[in-house]
Amino acid sequence: MIYRRMFGMPTWNVRGPFNELERMRQQMDNLFNRVPDEGMPSLHAGVFPSINLTEDQETYHIRAELPGISAEDLDIQATGNNLSISGERKIEAENNSVRYHRREREAGKFSRAISLPGDIDPDGVSASLADGVLKVSVPKAEKAKPKQITVN
Amino acid sequence: MTAAEAKELKVKEKQEVATDTEQTRPGVVYTPDVDIFESDADITLLADMPGVTTENLNIDLRDDVLTLTGDAITDVGDTEKPVIVEYGVGKYHRQFTLSEVVDQAKITAELKDGVLRLVLPKVEKAAPRKITVTER
């Protein structure tokens, strides 16, 4: 595009083709700068429930937040190196004549299989559910435990 | 068998509170999911706050503002190393402005399986009274 500048000399708008890119670059910068630095990265399996898996020398610990679920509605199974957690969350129906202002909690079925990184002993698995938090402790198989090797 | 099968639960990321006020202690603060419904006699609030016990739960009502704060304790030992981390554990915080006048003395709160059930009875409206006029 030729346009006249102050001094009456015609000139090309040399940044013409790059204006769009510049704007896009600025928008991308804004987008990435707004992402908070801390917080969980979205590396999620995408299946309910969200779990946290930790390990120590002898056991794997799996924790999941399952509010409003009682032990009868929960089914935990250990097969091979996999642990499966499934069940159903029920929300009791209220009186018919109530008016809802907010409805954010959800009810429904869920099922998740977790593959543990090492061999486990399925007979020693124990689970507890308290205050809406499920904790499953899975002992490692003897051969999977780290062995201390002494150096002579 | 009901016509509709119970639907599958989908995973939801925990919502962090976006406040401008900073906390004195470090930590994440999440917004608990709530259901609020109202009947003629009371307003009921159900909040999902897994990991919160009665000692760590604070319910405050003043100037028509209801504030829920809970602290989820985590029992992760020092020897445990994380392998998969999909959710964070932190405080819960949510505030509501009540549009109705509530009878503060009759509020009941119940915490079971990480779900808080808060019942706020509405103030009974003054029953209409007929006022008799006496002749003097």
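Chains as they are written, first to last, in the numbering used here: chain A, 1 to 152; chain B, 1001 to 1136. For each residue, glycine too, the CB sits at the ideal point set by N, CA and C. Predicted model, so just to flag it, every value in this text is computed and none were measured.
Report the three-state DSSP secondary structure of residue i (helix, strand or coil).
i       : result
A:N152  : coil
A:L66   : coil
B:T1079 : coil
A:R25   : helix
B:T1053 : coil
A:N19   : helix
B:Q1095 : strand
A:G80   : coil
B:E1016 : strand
A:N30   : helix
B:K1007 : coil
A:D75   : strand
A:D121  : coil
A:G39   : Because A:G39 sits at a pLDDT of 44, beneath the cut-off of 50, its placement in the model cannot be relied upon, and the following sentence gives the value as read from the coordinates. Residue state, collapsed to three classes: coil.
Going by beta carbon distance, what residues of the same chain come within less than 6 Å of residue i, once the five residues before and after it are set aside?
i       : result
A:L83   : I114
A:I51   : I62, A64
A:L74   : G87
A:Q77   : S84
B:D1063 : none
A:F155  : One cannot answer for residue 155 of chain A here, as it falls past the ends of chain A, which runs 1 to 152.
A:P122  : A78
A:V125  : A78, V138
B:H1093 : V1017, V1029, T1069
B:I1036 : L1045
For the beta strand (DSSP E) containing residue i, name the first residue and the last one.
i       : result
B:F1037 : 1034-1038
B:Y1025 : Note that residue 1025 of chain B corresponds to Arg in the displayed sequence, not to Tyr. It is not in any beta strand (DSSP E) - B:R1025 carries neither H nor E in the DSSP assignment.
B:I1043 : 1042-1048
B:V1089 : Segment: none, B:V1089 is in no beta strand (DSSP E) and carries neither H nor E.
A:L129  : 126-130
Less than 8 Å between C-beta atoms, sequence neighbours within five positions excluded: which residues of the same chain meet that for residue i?
i       : result
B:K1106 : P1121
B:A980  : Lying before the first or after the last residue shown, residue 980 of chain B is absent from chain B, which here runs from 1001 to 1136.
A:T59   : S137, V138, P139, K140
A:K143  : D119
A:P36   : Its pLDDT being 49, under 50, A:P36 is placed unreliably in this model, and the value from its coordinates should be taken loosely. No residues qualify anywhere along the chain.
Can you name the residues that DSSP bridges to residue i?
i       : result
A:F110  : A:G87
A:Y60   : A:E55, A:V138
A:R102  : B:I1036
B:R1062 : B:V1065
A:S115  : A:N82
B:G1070 : B:L1057, B:Y1092
Ignore the nearest five residues each way along the sequence and tell me which others in residue i's own chain have a CB closer than 7 Å to its CB.
i       : result
B:G1090 : G1027, V1028, V1029, Y1030, A1072
B:I1059 : L1068, A1109, L1118
A:E38   : In this predicted model, A:E38 has a pLDDT of only 43, less than 50, meaning its place in the structure is not dependable; the value taken from the coordinates is given anyway. No residues qualify anywhere along the chain.
Note to self: Report the start-end ranges of each beta strand (DSSP E) in the stretch 1097-1132 of chain B that is 3 residues or longer and not cut off at the edges.
What the structure shows: Listed in chain order, they are 1108-1112, 1115-1121.
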